[in-house]
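Below is one structure; the comments refer to it alone.
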Amino acid sequence: MSTKILIVDDSTTDRLIISTMLADYQTLTACDGLEAMELIAKNPDIDLVILDLNMPRMNGFEVLEALQKDPEYRKLRTIILTNYDEIDNEVKGLELGAVDYIRKPLNLQSLLIRINIHIKLKRIQKMIEQDNERLDAMVLKKTREVAATRDITIQALVGLLEVRNVESSKHTIRTQLIMKILCDHLSEKPKYQDILSENYVKELVTTTPLHDIGKVGIPDNILLKPGRLTEDEFTIMKKHVDYGVNALQNEIYCDEDVPSFIKTAMEIVGAHHEKYDGSGYPRGLAGAEIPLPGRLMAIIDVYDALTSKRVYKPAYDYDYSINLIRSESGKHFDPEIVMGFLEIQEKVIEISRKFIQDTDNSEVWS
Numbered sequence: 002m003s004t005k006i007l008i009v010d011d012s013t014t015d016r017l018i019i020s021t022m023l024a025d026y027q028t029l030t031a032c033d034g035l036e037a038m039e040l041i042a043k044n045p046d047i048d049l050v051i052l053d054l055n056m057p058r059m060n061g062f063e064v065l066e067a068l069q070k071d072p073e074y075r076k077l078r079t080i081i082l083t084n085y086d087e088i089d090n091e092v093k094g095l096e097l098g099a100v101d102y103i104r105k106p107l108n109l110q111s112l113l114i115r116i117n118i119h120i121k122l123k124r125i126q127k128m129i130e131q132d133n134e135r136l137d138a139m140v141l142k143k144t145r146e147v148a149a150t151r152d153i154t155i156q157a158l159v160g161l162l163e164v165r166n167v168e169s170s171k172h173t174i175r176t177q178l179i180m181k182i183l184c185d186h187l188s189e190k191p192k193y194q195d196i197l198s199e200n201y202v203k204e205l206v207t208t209t210p211l212h213d214i215g216k217v218g219i220p221d222n223i224l225l226k227p228g229r230l231t232e233d234e235f236t237i238m239k240k241h242v243d244y245g246v247n248a249l250q251n252e253i254y255c256d257e258d259v260p261s262f263i264k265t266a267m268e269i270v271g272a273h274h275e276k277y278d279g280s281g282y283p284r285g286l287a288g289a290e291i292p293l294p295g296r297l298m299a300i301i302d303v304y305d306a307l308t309s310k311r312v313y314k315p316a317y318d319y320d321y322s323i324n325l326i327r328s329e330s331g332k333h334f335d336p337e338i339v340m341g342f343l344e345i346q347e348k349v350i351e352i353s354r355k356f357i358q359d360t361d362n363s364e365v366w367s
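Per the numbering used here, residue 2 is the first one in the sequence shown, and the count goes up by one each step.
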């Protein structure tokens, strides 16, 4: 494909001289800026513009400004024509996006050398853009593959919970929706604006169903026990946290390339039974030592357990459950997260009512 060059000059003589000099190239000519912009719009394959600055109707500076304002034309390489006494114009033209300047009277050898340099640069730029497009496509494909793997892994693990009646599908929906609205609300607060990004919130919501994955390792006689657990039984029950973390740990093949959703899931699983005052399990973490995903999941899991029928208790009403959450601020729960939770309590209750648990289906120990 031949190189196409647009020559813009109000001097018929100069246009003719330059066109003759560039006989080996395909050239277009314009007598002013307005005609030049029309030709540029009609010929998106123009490789280079040679632009005089002093023209009627629309001068060269105005053309440069118009090109810079339009993303479609911003990459168009432009060489400005100046006189020997127009150094200020040369500087201004370069500041407005010109890639080079040529002084009149024109020198054929200098003109051709500069044009050849910029044509080569244009080709290199095109090659780089094509390489970037290929890389972007590869990254997008890989991202989709990772997302698909993540979703399949999570669905498979959650499926195990549902098969064993460890968790109901409505519990999964409720906790995910509450996680979403709580994170969205907190993300509007200065402290969390830079932490709870859109992608991170999506990751938190996606991995929420895994919080009790370790319960698949707890015997049914404990999970489904209708009465209070003995001390020994509760000790066994608490092991579900370690079971869950270990199950996710097995998904990690290389410490240097751990999928971020696995890290997030491990923080949810490993820390959602920790308490803000340090009295929780399994590690007795306190305050900010508890990863944010664990602090979020703690309040969501307890609220949903309170408002749902379990094998060992009836479902408590929403007001009682909300008040209990409030009373545990600074003890069981992070006070700032409690405050955010209380600010959206009506939305939380609406989710609980919309996806209410079937009356004949009692969930297991929380």
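The beta-carbon is built from N, C-alpha and C at its ideal position, and this holds for glycine as well.
query: Less than 9 Å between the beta carbons of I300 and V339, yes or no?; result: yes
query: Could you spell out where the beta strand (DSSP E) holding R78 opens and where it closes?; result: R78 to N84
query: Only counting the same chain, and skipping five residues up and downstream in sequence, which positions put a Cβ closer than 8 Å to that of S111?; result: I103
query: Which residues in the same chain as L40 place their Cβ atom closer than 8 Å to its Cβ, once the five residues preceding and following it in sequence are excluded?; result: L7, L29, A31 and I47
query: For V206, I'd like the list of residues in its chain whose CB is within less than 6 Å of its CB, leaving aside the five on either flank, ordered along the chain.; result: Q177, M180 and K181
query: Starting from R296, trace the alpha helix (DSSP H) in both directions and tell me its first and last residue.; result: L293 to T308
query: Going by other Cβ atoms of all chains shown within 10 Å of its Cβ, with 16 needed for buried, is Y88 buried or exposed?; result: Residue identity check: residue 88 is Ile in the sequence provided, not Tyr. Answer is exposed; the Cβ neighbour count stays below 16.
query: Where does Y1 fall in DSSP's three states?; result: Residue numbering for the chain in the displayed model covers 2 to 367; residue 1 lies beyond these limits and cannot be assessed.
query: Alpha carbon to alpha carbon, how far is L307 from Y317? Give it in angstroms, no decimals.; result: 6 Å
query: Using CA coordinates, which residue listed in R284, I263 and I223 is at the minimum distance from A272?; result: R284
query: Give the DSSP-derived three-state secondary structure of I219 in the structure shown.; result: coil
query: Rounded to whole angstroms, how far is the Cβ of G94 from the Cβ of L68, which I believe are closer than 8 Å?; result: Rounded, the Cβ-Cβ distance is 12 Å, inconsistent with contact.
query: Among residues of its own chain, excluding the 5 on either side of L65, which ones have a beta-carbon nearer than 7 Å to its beta-carbon?; result: T79, G94, L97, G98 and A99
query: Could you tell me if C255 is buried or exposed, where buried requires 16 or more neighbouring beta carbons within 10 angstroms of its beta carbon?; result: Reliability of the predicted coordinates at C255 is poor, the pLDDT of 48 falling under 50, and the value obtained from them is presented with this limitation in mind. Answer is exposed; the Cβ neighbour count stays below 16.
query: Is G34 near K190, with beta carbons less than 9 Å apart?; result: no
query: Would L52 and A37 qualify as a contact pair, given that the criterion is a beta-carbon distance under 9 Å?; result: yes
query: Among all the DSSP beta bridges, which residues are the ones paired with S198?; result: DSSP lists no partner for S198.
query: Enumerate in chain order the residues of its own chain whose CB-to-CB distance from D101 is below 7 Å, with the five nearest sequence positions on each side excluded.; result: I80, R115 and H119
query: So, under 8 Å CB-CB, S280 and E204 are touching, yes? Tell me the CB distance rounded to an integer number of Å.; result: Not really, about 28 Å apart at Cβ, beyond 8 Å.
query: Would you kindly work out how many angstroms separate the C-alpha atoms of E337 and V312, rounded to a whole number?; result: 32 Å
query: Suppose you measure from the CA of Q131 to the CA of D15; what does that come to, to the nearest Å?; result: 36 Å
query: For the beta strand (DSSP E) that D11 lies in, which residues bound it at each end?; result: From DSSP, D11 is part of no beta strand (DSSP E); its letter is neither H nor E.
query: Thinking just about the alpha-carbon of each residue, which of Y74, K121, Y282 and S328 is nearest to the one in K240?; result: Y282
query: For G245, count neighbouring C-beta atoms within 10 Å of its own C-beta (all shown protein chains included) and say buried if the count is 16 or more, exposed if not.; result: buried
query: Assuming V242 contacts V217 under a Cβ cut-off of 8 Å, what Cβ separation, rounded to an integer in Å, is found between them?; result: About 13 Å separates the two Cβ atoms, so there is no contact after all.
query: In terms of residues, what are the limits of the alpha helix (DSSP H) holding P37?; result: One detail in the question is off: residue 37 reads as Ala in this sequence, not Pro. G34 to K43 is the span of the alpha helix (DSSP H), which, as asked, contains A37.
query: By alpha-carbon positions, which one of D335, P72 and K314 ends up nearest to K226?; result: K314
query: Give the straight-line distance between the Cα atoms of L113 and V140, rounded to the nearest whole angstrom.; result: 40 Å
query: In the DSSP assignment, the alpha helix (DSSP H) including I179 goes from what residue to what residue?; result: S170 to L187
query: At the level of alpha carbons, what is the spacing between Y304 and R175?; result: 10 Å
query: For F356, which of helix, strand or coil comes out of DSSP?; result: coil
query: Under the three-state reduction of DSSP, which class applies to D25: helix, strand or coil?; result: coil
query: To which residues of the same chain is S3 closer than 8 Å at the C-beta, ignoring the five residues directly before and after it?; result: Y26 and Q27
query: Quick check on this structure: which residue in M128, Y193, Y74 and T208 has the alpha carbon closest to the alpha carbon of I263?; result: T208
query: Is it buried or exposed, P220, if we count other Cβ atoms within 10 angstroms and call 16 or more buried?; result: exposed
query: Which residues share a DSSP beta bridge with I6?; result: T28 and L49
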